[in-house]
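> Chains as they are written, first to last, in my numbering: chain C, 1 to 112; chain A, 1001 to 1114.
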Amino acid sequence: GNSVTQMEGPVTLSEEAFLTINCTYTATGYPSLFWYVQYPGEGLQLLLKATKADDKGSNKGFEATYRKETTSFHLEKGSVQVSDSAVYFCALTPLPGNQFYFGTGTSLTVIP
Amino acid sequence: SQTIHQWPATLVQPVGSPLSLECTVEGTSNPNLYWYRQAAGRGLQLLFYSVGIGQISSEVPQNLSASRPQDRQFILSSKKLLLSDSGFYLCAWSVGSSGGNIQYFGAGTRLSVL
Chain C
1 GNSVTQMEGP VTLSEEAFLT INCTYTATGY PSLFWYVQYP GEGLQLLLKA TKADDKGSNK
61 GFEATYRKET TSFHLEKGSV QVSDSAVYFC ALTPLPGNQF YFGTGTSLTV IP
Chain A
1001 SQTIHQWPAT LVQPVGSPLS LECTVEGTSN PNLYWYRQAA GRGLQLLFYS VGIGQISSEV
1061 PQNLSASRPQ DRQFILSSKK LLLSDSGFYL CAWSVGSSGG NIQYFGAGTR LSVL
């Protein structure tokens, strides 16, 4: 089956600290992988994606690499800002397929 | 460009009252449509998804139902709300099934059942 396991939160970091949020997946076939971000009171926004092994998705200083050998898609950022405080969701969609499978979300708080 | 509209943004309803949440998508044809619920501090729970008009798949048996009367319209309903129906409801859309498809979300409806 398809599933996403995501690092438990909440995570609290100081501004300019390094961020890693772990995500591993189980999927049939070759899924596409995503990170979404949800700011308080809002819907989810796509942060980055990767569609095949060894692809690196990046956006706004965030990066994640599709690692087929370890079935992982960890989110990283070298220097977090207060404005990065949000909930982050790892997700996959199988190929072919039109369903999306989300992790439980990781809450990040960045303090000045 | 494509946009998704979801309303109302906030809703307070008494237990036992009916519910109707509406979601419409503009700028695309034959989208896949989804309803999710997010309880406070929790992840996303897929409630329904639809790949076409009149085609609804239910993921979780409960007192909610969904309908797709038009290609780009998706409605979430209930005849009698329960306290446990409180939460943040999100509508989303995507196109196709060939991989790499992005799911786009509406701004959500905060439902409080009292």
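C-beta atoms are modelled at their ideal positions from N, C-alpha and C, and glycine is treated no differently. Owing to the predicted nature of the structure, the values given are computational and were not obtained by experimental measurement.
Run through chain C and tell me which residues come within less than 7 Å of A:Q1103, C-beta to C-beta.
On the second sequence, residue 1103 of chain A is found 103 positions in, with the first residue counted as 1. Near A:Q1103 (Cβ distances below 7 Å), the residues of chain C are F100.
> Kindly list, in the order they appear in chain C, the residues whose Cβ is closer than 8 Å to that of A:G1108.
For this step, residue 1108 of chain A is matched to residue 108 along the second sequence. G41, E42, G43, listed in chain order.
> Using DSSP's beta-bridge definition, name the partner residues of A:I1004.
In the second sequence, the residue the question calls residue 1004 of chain A occupies position 4. For A:I1004, which the question treats as bridged, DSSP gives the partners A:V1025.
> Select from A:S1112, A:T1010, A:L1021 the residue whose C-alpha is nearest the C-alpha of A:S1086.
Taking the second sequence and counting its residues from 1, the one referred to as residue 1086 of chain A is at position 86. Answer by Cα proximity: A:S1112.
> Measure how close the beta-carbons of C:L19 and C:W35 come, nearest whole angstrom, since I'm counting them as under 8 Å.
For the purposes of this step, residue 19 of chain C is taken as the residue at position 19 of the first sequence. For the purposes of this step, residue 35 of chain C is taken as the residue at position 35 of the first sequence. Between C:W35 and C:L19 the Cβ distance is about 12 Å, and since that is not below 8 Å, they are no contact.
> From C:E63, C:Y88, C:R67, pick the residue whose C-alpha is nearest to that of C:E76; which is it?
Residue mapping note: residue 76 of chain C aligns to position 76 of the first sequence, counting from 1. Of C:E63, C:Y88, C:R67, the residue nearest in Cα terms is C:E63.
> Would you mind working out which of A:G1016, A:Y1049, A:A1040 sits nearest C:G97, comparing C-alpha positions?
If you number the first sequence from 1, residue 97 of chain C lands on position 97. Among A:G1016, A:Y1049, A:A1040, the Cα nearest to that of C:G97 is on A:Y1049.
> Tell me the DSSP secondary structure of C:L46 in three-state form.
The residue you call residue 46 of chain C lines up with position 46 of the first sequence. It is a strand residue.
> Checking contacts by CB at 9 Å: is C:Y66 closer than that to chain A?
The residue you call residue 66 of chain C lines up with position 66 of the first sequence. By this cut-off, C:Y66 is not an interface position.
> Here's a check: name, in chain order, each residue in its chain whose Cβ is nearer than 6 Å to the Cβ of A:S1067, leaving out the five neighbours to either side.
To locate residue 1067 of chain A, count along the second sequence from 1; it is residue 67. The residues are I1075.
> Starting from the C-beta of C:I111, find all residues in its chain whose C-beta is less than 8 Å away, skip the five residues before and the five after it, and write them out in chain order.
In the first sequence, residue 111 of chain C corresponds to position 111, counting from 1. Closer than 8 Å at the Cβ level, and outside the excluded window around C:I111, lie T12, L13, S14, E15, V82.
> The stretch 1045 to 1059 of chain A: which residues have C-beta closer than 8 Å to a C-beta of chain C, in chain order?
If the cut-off is 8 Å between Cβ atoms, the stretch 1045 to 1059 of chain A has L1046, Y1049, V1051 near chain C.
> By how many angstroms is the C-alpha of C:K52 removed from the C-alpha of C:G61?
Position 61 of the first sequence, counted from the start, is the residue given in the question as residue 61 of chain C. Position 52 of the first sequence, counted from the start, is the residue given in the question as residue 52 of chain C. Rounded to whole angstroms, C:G61 to C:K52 spans 21 Å at the Cα level.
> Quick one: measure Cβ to Cβ for A:R1072 and A:T1024, integer angstroms, because I've assumed they're closer than 8 Å.
Numbered from 1 along the second sequence, position 72 holds the residue referred to as residue 1072 of chain A. Numbered from 1 along the second sequence, position 24 holds the residue referred to as residue 1024 of chain A. With a Cβ gap of about 6 Å, A:R1072 and A:T1024 count as contacting.
> To which residues of the same chain is A:Q1117 closer than 6 Å at the C-beta, ignoring the five residues directly before and after it?
Missing from the structure shown is residue 1117 of chain A; chain A here goes from 1001 to 1114 and no further.
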